[in-house]
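*Asks:*
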Amino acid sequence: MGSFTDESCARIYFLIAHIWAILCFSEVLHRHSCRQYPLRPRLMKLLVFAHTPPPHHGQSYMVRLMLDGFGGDQRRRPAGSGAAGNGLGVTCYHVNARVSKELEDIGDFRLSKLFLLFAYCLQAIWCRFRYGVRTLYYIPAPGKHSALYRDWMVMFLCRPFYKRIILHWHAAGLAKWLETSTQFRSRAFTYNRLKDVDLSIVLSRYNRADAEKLFPQRVRVVSNGIPDPCPAFEQEILPRRRARLAARKKIAAGVELDAADRESSGGHPEIFQVLYLAHCTREKGLFDCINGVLLANQKLAAAGRFRLELRIAGNFVNDAERDEFNRIAALPECVKCIHYFGFVSGAEKDKALREADLFCFPTYYQNENQPVNLIEAMAFGLPIITTRWRSLPELLPPGNLGLVDICSPEQIADALVASITAEASETVRELFLRHFTLEQYLAGLAEAFHSIESADHAARSTAFPLTASTPPPTR
80 MGSFTDESCA RIYFLIAHIW AILCFSEVLH RHSCRQYPLR PRLMKLLVFA
130 HTPPPHHGQS YMVRLMLDGF GGDQRRRPAG SGAAGNGLGV TCYHVNARVS
180 KELEDIGDFR LSKLFLLFAY CLQAIWCRFR YGVRTLYYIP APGKHSALYR
230 DWMVMFLCRP FYKRIILHWH AAGLAKWLET STQFRSRAFT YNRLKDVDLS
280 IVLSRYNRAD AEKLFPQRVR VVSNGIPDPC PAFEQEILPR RRARLAARKK
330 IAAGVELDAA DRESSGGHPE IFQVLYLAHC TREKGLFDCI NGVLLANQKL
380 AAAGRFRLEL RIAGNFVNDA ERDEFNRIAA LPECVKCIHY FGFVSGAEKD
430 KALREADLFC FPTYYQNENQ PVNLIEAMAF GLPIITTRWR SLPELLPPGN
480 LGLVDICSPE QIADALVASI TAEASETVRE LFLRHFTLEQ YLAGLAEAFH
530 SIESADHAAR STAFPLTAST PPPTR
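If you want our numbering, it's the position in the sequence shown, counting the first as 1, plus 79.
#1: Just to confirm before moving on: does the CB-CB distance between K223 and A254 stay below 9 angstroms?
#2: Buried or exposed: where does T131 fall if 16 or more other Cβ atoms within 10 Å of its Cβ makes it buried?
#3: What does a CB cutoff of less than 6 angstroms around A331 pick up in its chain, not counting 5 residues either side in sequence?
#4: Please go through the segment 252 to 280 and give each complete beta strand (DSSP E) segment of 3 or more residues, from N-terminal end onward.
#5: Determine the DSSP secondary structure at E427, reduced to helix, strand or coil.
#6: Which of helix, strand or coil does DSSP assign to V315?
#7: Which residues does DSSP pair with W248 in a beta bridge?
#8: Can you confirm whether the segment 294 to 301 touches the segment 442 to 451 when touching is taken to mean that 3 or more C-beta pairs between the two stretches lie within less than 8 angstroms?
#9: Who are the near neighbours of K363 in its chain, counting only those whose CB is closer than 7 angstroms to its CB and skipping five residues on each side?
#10: Okay, do the segment 455 to 462 and the segment 382 to 397 touch, 3+ Cβ pairs below 8 angstroms being the bar?
#11: Distance, Cα to Cα, P488 vs L387?
#12: When burial is assigned at 16 or more other CB atoms within 10 Å of the CB, is N207 buried or exposed?
#13: If you count every other CB in all the chains shown that lies within 10 Å of the CB of R327, and 16 or more means buried, which is it?
#14: Quick one, which of I407, S344, W468, T170 has its alpha-carbon nearest A322's?
#15: Report all residues from its chain with a CB closer than 6 angstroms to the CB of P221; omit the five preceding and five following residues, and keep chain order.
#16: Taking only three categories from DSSP, how would you classify E388?
#17: Measure the Cβ-Cβ separation of M123 and E532 and say whether it is below 9 angstroms.
#18: Go ahead and pull the three-state DSSP assignment for K124.
#19: By a C-beta neighbour count over all protein chains shown, 10 Å radius and 16 as the cutoff for buried, is H54 buried or exposed?
#20: Secondary structure at C579, three-state DSSP: helix, strand or coil?
#21: Select from N271, L282, P308 the residue whose C-alpha is nearest the C-alpha of F294.
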């Protein structure tokens, strides 16, 4: 191959200089236009590097809701249809970074996952240039080594190609885990890869510590939100809840119920239906919930007016806990009061939430943050018993009687007995409508996303101020 001559080198330099001048001139015009016409709407392109169901859990479900709310994956839209018209100014390009097919696979290290993740990173880099996406949206790891290594790889490969980075913290506890369960080199490498991002979005005030540990430029709190699963709550669900509560109060006062009372309450108001709807694990509170119901039934047995039944819906993650549950459920005192339905969704899940009298979720899962199942229970107006764990107390109103300590079946039993005649349905439903609807969730995310561009625009305007004599761009 021949060598470059002075003349060819000069031509290359001349071409580069022209291209650079054109880019600089275009940037100046863009800044001038933004200052001159600040109300012109901007469409933000977002590369969403996160997986959607399956496997189904709170984080993957919220990612799917976000994508659907912003108009879906732009790459899957028909050619020539233009950007998704979601009215929020955000269009998404989705890399479905799924490395686990089942819940049991989450957190396990496999070489095949490494190759999959590498392929997803290449896909994200390709989208950067193919579609001109400049902002990367990513969900950081919970406190697990395998998930932390995933973060290292994604940030090492993808971050250099993206101008702006958004971290959305769905799991809680990473900051403390880094300090107590990792070596200095691992912490330093994590800081180097994830520090100084443009935006960190957290779900709660408690969750801010995880984001602030890595010194982001800005932090926004945006709570989860879901579509209202029962928009006809006041017409279809609330009357039954009121009727059952009124019937239980009569029973507690020793008043005999007539046929009308039993019919309006849906039958058997003396049976207090407790619902556990989550992954069936010890850390999620399954066995504490069972023991709490059994203790409550012992407390109620003397009066003979009420008894509790526990309905359990969810998948078991490991065989040892499934076997332990089967042994407990076979005990004589459990046969009539514990019912297992497996994983439920759609109409079956709605039916379980409609028919329940109370939702019990005494979790102490290490990465628990803002579980979607509690928000669903609020939407159905269910009284809630949960733990004083991480950000969970922020979900419920101050002074809520349903907060218990972790690993405390005795406290759960007392709360269950007290809830039989307590009023909470309308208060809990109002809490959902004020703070946890899908519309509020999407609007909060969009506002947080656009805050990055607003900050960039302000910085550019400061660096390149316009004078009064500068003519406006022609249109």
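Backbone N, C-alpha and C define an ideal beta-carbon position, used for all residues, glycine too.
*Replies:* This is what the structure holds:
#1: What you label residue 223 is simply residue 144 of the sequence shown in a count that begins at 1. What you label residue 254 is simply residue 175 of the sequence shown in a count that begins at 1. No; because the gap between Cβ atoms is not below 9 angstroms, this pair is not in contact.
#2: Sequence index remark: in the sequence shown, residue 131 carries index 52 (1-based). So T131 ends up on the buried side.
#3: Within the sequence shown, numbered from 1, the residue matching residue 331 stands at position 252. T500, listed in sequence order.
#4: none
#5: If you number the sequence shown from 1, residue 427 lands on position 348. Reduced to three states, the DSSP call for E427 is helix.
#6: Start at 1 with the first residue of the sequence shown, and residue 315 comes out as number 236. Contrary to the premise, residue 315 reads as Glu rather than Val in this sequence. In the structure shown, E315 adopts helical secondary structure according to DSSP, grouped into three states.
#7: Working through the sequence shown from its first residue, we reach residue 248 at position 169. Note: W248 sits in a beta bridge opposite V281.
#8: With the cut-off at 8 angstroms, the segment 442 to 451 and the segment 294 to 301 do not touch.
#9: The count along the sequence shown starts at 1 and reaches residue 363 at position 284. Taken in chain order, the residues that qualify are A357, T442, Y444.
#10: no
#11: As a first step, residue 488 is located in the sequence shown; it is residue number 409 there, counting from the start. As a first step, residue 387 is located in the sequence shown; it is residue number 308 there, counting from the start. Each residue's alpha carbon lies about 14 angstroms from the other.
#12: Working through the sequence shown from its first residue, we reach residue 207 at position 128. The amino acid at residue 207 is misidentified as Asn; the sequence shows Arg. R207 is buried by the Cβ-count criterion.
#13: Indexing the sequence shown from 1 puts residue 327 at position 248. Flag for R327 reads buried.
#14: Here residue 322 refers to the residue found at position 243 when the sequence shown is read from its first residue. Comparing Cα-Cα distances from A322 to each of I407, S344, W468, T170, the minimum goes to S344.
#15: On the sequence shown, residue 221 is found 142 positions in, with the first residue counted as 1. Excluding positions up to five away in sequence, the list reads A250, N446.
#16: What you label residue 388 is simply residue 309 of the sequence shown in a count that begins at 1. Three-state result, E388: strand.
#17: Position 44 of the sequence shown holds residue 123. Position 453 of the sequence shown holds residue 532. The answer is yes: Cβ separation under 9 angstroms.
#18: Within the sequence shown, residue 124 is the residue found at index 45, counting from 1. In this structure, K124 counts as strand in the three-state DSSP scheme.
#19: This structure does not reach residue 54, given that the chain is present from 80 up to 554, and the question cannot be answered.
#20: With the chain represented from 80 up to 554, any question about residue 579 goes unanswered, as that position is not in the structure.
#21: The residue labelled residue 294 in the question sits at position 215 within the sequence shown. Comparing Cα-Cα distances from F294 to each of N271, L282, P308, the minimum goes to N271.
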